[in-house]
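Asks: Everything in the sequence shown is counted per the working numbering, starting at -15 for the first residue and increasing by one.
Beta carbons: idealized from backbone N, C-alpha and C, even for Gly.
Computed from a prediction, not measured in an experiment: that's the story for all the values here.
Below you'll find the structure I mean.
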Amino acid sequence: MEKAKPTYDELVSENTELRYQLEEANDTIEAIRTGQVDALIVQGETGNQLYTLKTADQTYRTFIEKMNEGAVTLNHEGIILYSNASFANMVNAPLQKVIGVKFDTFILKEARDEFYKLIKNGWEKECKEEILLAGNKRYTPCLMSCNTLELDEGTALSLILTDLTIQKEAEHQLKINNEKLIVAQNATEKLNDELEDTVKSRTADLLLSREHFKLLANNIPQMTWTNLADGTVNFHNQQWFNYSGLTYQDTQEPDWRHKIIHPDDYQFTLQKFTAAIKSGTIYEVENRYRRYDGTYRWHLNRAVPLRNDKGEIAFWVGTATDIEDQKQEMDRKDEFIGVASHELKTPLTSLKGYLQLISYKKGELSPAVKQYIDKAILALNKLQILVNELLDVSKINAGRLEYSMEEINLTALMRSCIENARHVFPNFEFMEDVEGEFIVNGNSERLEQVFMNLINNAVKYSPASRTVIVRASQNGNNVRVYVTDYGIGLSDKQQERIFERFYRVEDKKYMSSGLGMGLYISKEIITHHNGKIGVQSELGQGSTFYFDLPLVKN
Ligand code: ADP
-15 MEKAKPTYDE LVSENTELRY QLEEANDTIE AIRTGQVDAL IVQGETGNQL YTLKTADQTY
45 RTFIEKMNEG AVTLNHEGII LYSNASFANM VNAPLQKVIG VKFDTFILKE ARDEFYKLIK
105 NGWEKECKEE ILLAGNKRYT PCLMSCNTLE LDEGTALSLI LTDLTIQKEA EHQLKINNEK
165 LIVAQNATEK LNDELEDTVK SRTADLLLSR EHFKLLANNI PQMTWTNLAD GTVNFHNQQW
225 FNYSGLTYQD TQEPDWRHKI IHPDDYQFTL QKFTAAIKSG TIYEVENRYR RYDGTYRWHL
285 NRAVPLRNDK GEIAFWVGTA TDIEDQKQEM DRKDEFIGVA SHELKTPLTS LKGYLQLISY
345 KKGELSPAVK QYIDKAILAL NKLQILVNEL LDVSKINAGR LEYSMEEINL TALMRSCIEN
405 ARHVFPNFEF MEDVEGEFIV NGNSERLEQV FMNLINNAVK YSPASRTVIV RASQNGNNVR
465 VYVTDYGIGL SDKQQERIFE RFYRVEDKKY MSSGLGMGLY ISKEIITHHN GKIGVQSELG
525 QGSTFYFDLP LVKN
């Protein structure tokens, strides 16, 4: 049966009713929005539905509205019943476009299945999970916690969403930093490994070189040792222990050197050693070391400093070479020279006497023979000087060069020597500069020997110049005698050695007769007179030899 058409009055009344309902609905919505009523009407699939919150009150609403976290309630269909401003902000949409919308609108399609599972889970029990909100041109990583809420109309799901953007960024930054840290750590580890390898190989090298050193040191015939920069001994080789019979413990005692150095050599050995340590120059000394069986043998000691990059002394390397056999050989030679020169002296003197006797008979001799005799006398003089020098050297070595001392006038002695030199070397000019009378305590024959040796040398080593200057002047309590020539001169190195026994400069160009004994004897004589002998010279320019003698006080 067809329904009867409504009458006009019915339509007017229905219209009035609908308007009334509409006004009521508007008022309700306004009341809910402003928080006067805790309820919400949502257009669902089954028509309008009204929701009211059982526990809602004004305080909580304000609190939820103001909080930073997004707060949302969903119904079973996943429609947003309520959203605070923070959530709207998270999805970058106005509040009106959020409420009543399905929540999954803000989830990326590909993540929705996961999300549904999560929500389903949330309806069953409290849970927390990270999700990514995809709003209008904004993605917000969030921590979503789900909780069910009892509304008058049934249960709703409350979601609290904490924005993790800053945290994620921090995490990201942390991750980057961590990665950098790992890279740096790896680099450090690599470096460390390399360093360890270097240290290992250096240590191995060091060990090897130390072993080399030990092997070398223990297999050479000499005794060797090393000292620290301050002189403390820190190593002796096996030979040293074998020879001395001492133990390592013995060398740790403060006066261990007394146990090995001959008492007569102890003082000067230590003096030289201390001086070398102080000055950092090579240490060289001859002394006697006590062997394990109590016998002493002569040794030549040498120690050289080894310096580091900065030039500081790192340590000293010392060696002691046994020179006992050479010493004894030398002693035997000296003894032979002594005996031979002594034996030669007498026949030479008589030879000279006979030659002089012949030369007195000049009238009976032909000029040629006379000339031969003069030459023979000259050669004999040289020979006599040599033999005398040899005898002197052997006496010096035996400690038997003895002579008497008396007050002598050095000025007169010098003048007579100069006269003699002018006579012997007529081609030379001897300039004399002797100020005053110098009285000294000495042996005139020996001092004459020294002075004449200096003059002879000045002449001998001046192949181009013809001038020799002789001077004497007071020098404090001493008189200083100078003999200057303009001859071949001496280098610094040569000057250091010319007073040694048998030392001669190896220069074939200027080689002249002599055995390198004159200056050695002169030094002995001057030292015996409490004086000092020395030289100042420059190669190619000439030399000045001088000696000082103490003046006799009036
Ligand atoms: P020699 O008999 O060889 O002259 P000396 O002991 O008197 O022995 O001198 C030693 C060395 O010193 C000489 O061989 C020479 O090389 C050097 N010498 C000595 N005097 C001079 C000098 N006036 N000028 C240069 N060299 C000199």
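#1: I'd like the list of long-range same chain contacts for T303, defined as Cβ closer than 6 Å, with 5 residues on each side in sequence excluded.
#2: Under 8 Å, do D234 and K243 count as touching if we go by C-beta distance?
#3: Can you look up I307 in the DSSP assignment and give me helix, strand or coil?
#4: Taking the continuous alpha helix (DSSP H) assigned at W282, which residues delimit it?
#5: In or out: G264 buried (at least 16 other Cβ within 10 Å) or exposed?
#6: With C-beta atoms as the reference, is E421 less than 8 Å away from T395?
#7: Thinking just about the alpha-carbon of each residue, which of A352, H326, L362 and G322 is nearest to the one in L339?
#8: Measuring alpha carbon to alpha carbon, tell me which residue in G347, D177, N73 and E173 is nearest T146.
#9: Less than 8 Å between the beta carbons of Y504 and R488, yes or no?
#10: Note down the Cα distance separating A140 from K81, rounded to an integer number of angstroms.
#11: Going by the CB atoms, is the gap between F299 and N211 shorter than 8 Å?
#12: In angstroms with no decimal places, state the Cα-to-Cα distance between V452 and L499.
#13: Round the Cβ separation of Y273 and I245 to the nearest angstrom and send it over; I've been treating them as touching at under 8 Å.
#14: Would you decide whether Y123 is buried or exposed? Buried here means 16 or more other CB atoms lie within 10 Å of its CB.
#15: Quick one: grab the DSSP three-state call for N218.
#16: Looking at the unbroken alpha helix (DSSP H) that takes in T187, where does it start and where does it end?
#17: Sorry if obvious, but does the Cβ on I321 come closer than 7 Å to a heavy atom of the ligand ADP?
#18: Among F219, A213 and K516, which one has its Cα closest to the Cα of A260?
#19: Cutting at 8 Å between CB atoms, please list the residues of its own chain near M51, excluding the five before and the five after it.
#20: For I517 and D189, I'd like the C-alpha separation in whole angstroms.
#21: Restricting to Cα atoms, I'd like to know which of T182, L116, A77 and E413 is closest to R96.
#22: With DSSP as the reference, label M51 as helix, strand or coil.
#23: Quick one: measure Cβ to Cβ for Y387 and N425, integer angstroms, because I've assumed they're closer than 8 Å.
#24: Suppose you measure from the CA of R626 to the CA of K507; what does that come to, to the nearest Å?
#25: Between K336 and the rest of its own chain, which residues show a CB-CB distance below 6 Å, the 5 nearest in sequence each way excluded?
#26: If we cut at 8 Å on Cβ distances, does G278 have a partner in chain D?
#27: Quick test of your reading: K112 and L127, contact by CB under 8 Å. State the CB separation rounded to the nearest angstrom.
#28: What span of residues does the alpha helix (DSSP H) with F257 cover, start to end?
#29: At the level of alpha carbons, what is the spacing between Q312 and E319?
#30: For my contact list, L397 and Q368 are in at a C-beta cut-off of 8 Å; report their separation, rounded to the angstrom.
#31: Kindly indicate which three-state DSSP category Q479 falls into: helix, strand or coil?
#32: Expressed to the nearest angstrom, what Euclidean distance is found between the alpha-carbon atoms of L191 and V183?
#33: If you measure between the beta carbons of N131 and E110, is that distance less than 8 Å?
#34: On the DSSP letters alone, give me the boundaries of the beta strand (DSSP E) that P534 sits inside.
#35: Looking at L254 and S545, is the spacing between their C-beta atoms short of 8 Å?
#36: Could you name the residues of the same chain whose beta carbon sits closer than 7 Å to that of L58, not counting the 5 residues immediately before and after it, in chain order?
Replies: With the structure as the only source:
#1: Counting from one through the sequence shown, the residue named residue 303 turns up at place 319. These residues qualify, in order along the chain: Q206, T208 and R286.
#2: For the purposes of this step, residue 234 is taken as residue 250 along the sequence shown, with counting starting at 1. For the purposes of this step, residue 243 is taken as residue 259 along the sequence shown, with counting starting at 1. Yes, Cβ-Cβ distance for D234 and K243 is below 8 Å.
#3: What you label residue 307 is simply residue 323 of the sequence shown in a count that begins at 1. Coil at I307, not helix or strand.
#4: For the purposes of this step, residue 282 is taken as the residue at position 298 of the sequence shown. Element bounds for W282: not the alpha helix (DSSP H) but the beta strand (DSSP E), Y280 to R291.
#5: Working through the sequence shown from its first residue, we reach residue 264 at position 280. Its Cβ having fewer than 16 others within 10 Å, G264 is exposed.
#6: Working through the sequence shown from its first residue, we reach residue 421 at position 437. Working through the sequence shown from its first residue, we reach residue 395 at position 411. Yes, these two residues count as a Cβ contact at 8 Å.
#7: For this step, residue 339 is matched to residue 355 along the sequence shown. Nearest option by C-alpha distance: L362.
#8: For the purposes of this step, residue 146 is taken as the residue at position 162 of the sequence shown. When each option's Cα is compared against that of T146, the closest is N73.
#9: By one-based count along the sequence shown, residue 504 stands at place 520. By one-based count along the sequence shown, residue 488 stands at place 504. Cβ atoms of Y504 and R488: not closer than 8 Å.
#10: Residue 140 sits at position 156 when you count from the first residue of the sequence shown. Residue 81 sits at position 97 when you count from the first residue of the sequence shown. In a straight line, the C-alpha of A140 is about 20 Å away from that of K81.
#11: Numbered from its first residue, the sequence shown carries residue 211 at position 227. Numbered from its first residue, the sequence shown carries residue 299 at position 315. Yes, these two residues count as a Cβ contact at 8 Å.
#12: Taking the first residue of the sequence shown as 1, we reach residue 452 at position 468. Taking the first residue of the sequence shown as 1, we reach residue 499 at position 515. Each residue's Cα considered, the two are about 23 Å apart.
#13: Your numbering for residue 273 matches position 289 in the sequence shown. Your numbering for residue 245 matches position 261 in the sequence shown. Correct: roughly 7 Å between the Cβ atoms.
#14: The count along the sequence shown starts at 1 and reaches residue 123 at position 139. Y123 should be labelled exposed.
#15: As a first step, residue 218 must be located in the sequence shown, where it is residue number 234. If DSSP states are grouped into helix, strand and coil, N218 belongs with the strands.
#16: Here the question's residue 187 lines up with position 203 in the sequence shown. That run of the alpha helix (DSSP H) goes T149 to N203.
#17: Here residue 321 corresponds to residue number 337 of the sequence shown, with the count starting at 1. Outside the cutoff, so no.
#18: The sequence position of residue 260 within the sequence shown is 276, counting from 1. Comparing Cα positions, the closest option is A213.
#19: Here the question's residue 51 lines up with position 67 in the sequence shown. Around M51: N68 and S70.
#20: In the sequence shown, residue 517 corresponds to position 533, counting from 1. In the sequence shown, residue 189 corresponds to position 205, counting from 1. Cα to Cα, the separation comes out at about 52 Å.
#21: The residue given as residue 96 occupies position 112 in the sequence shown. Comparing Cα positions, the closest option is L116.
#22: Taking the sequence shown and counting its residues from 1, one reaches residue 51 at position 67. It is coil, neither helix nor strand.
#23: The residue given as residue 387 occupies position 403 in the sequence shown. The residue given as residue 425 occupies position 441 in the sequence shown. With 8 Å as the limit, Y387 and N425 do not qualify as a contact, their Cβ atoms being about 12 Å apart.
#24: As displayed, the chain neither begins before -15 nor continues past 538, which places residue 626 out of reach and without an answer.
#25: To locate residue 336, count along the sequence shown from 1; it is residue 352. Same-chain partners within the cutoff: L364.
#26: In the structure shown, chain D does not exist; there is a single protein chain.
#27: Working through the sequence shown from its first residue, we reach residue 112 at position 128. Working through the sequence shown from its first residue, we reach residue 127 at position 143. Their Cβ separation, rounded to whole angstroms, is 6 Å, which keeps K112 and L127 in contact under 8 Å.
#28: Translated into positions along the sequence shown, residue 257 becomes position 273. Counting along the chain, the alpha helix (DSSP H) containing F257 begins and ends at P247 to S263.
#29: Here the question's residue 312 lines up with position 328 in the sequence shown. Here the question's residue 319 lines up with position 335 in the sequence shown. Going by the C-alpha atoms only, they are around 10 Å apart.
#30: Taking the sequence shown and counting its residues from 1, the one referred to as residue 397 is at position 413. Taking the sequence shown and counting its residues from 1, the one referred to as residue 368 is at position 384. That pair is no contact at about 21 Å.
#31: For this step, residue 479 is matched to residue 495 along the sequence shown. DSSP places Q479 in helix when its eight states are reduced to three.
#32: Position 207 of the sequence shown, counting from 1, holds the residue named residue 191. Position 199 of the sequence shown, counting from 1, holds the residue named residue 183. Taking the straight line joining both Cα atoms gives about 12 Å.
#33: On the sequence shown, position 147 is the one that residue 131 refers to. On the sequence shown, position 126 is the one that residue 110 refers to. Their beta carbons are under 8 Å apart, which means N131 touches E110 by this criterion.
#34: On the sequence shown, position 550 is the one that residue 534 refers to. Its beta strand (DSSP E) spans residues G526 to P534.
#35: This structure cannot settle anything about residue 545, because the visible part of the chain is limited to -15 through 538.
#36: Taking the sequence shown and counting its residues from 1, the one referred to as residue 58 is at position 74. Hits under 7 Å: I64, L65, F87, A140, L141 and L143.
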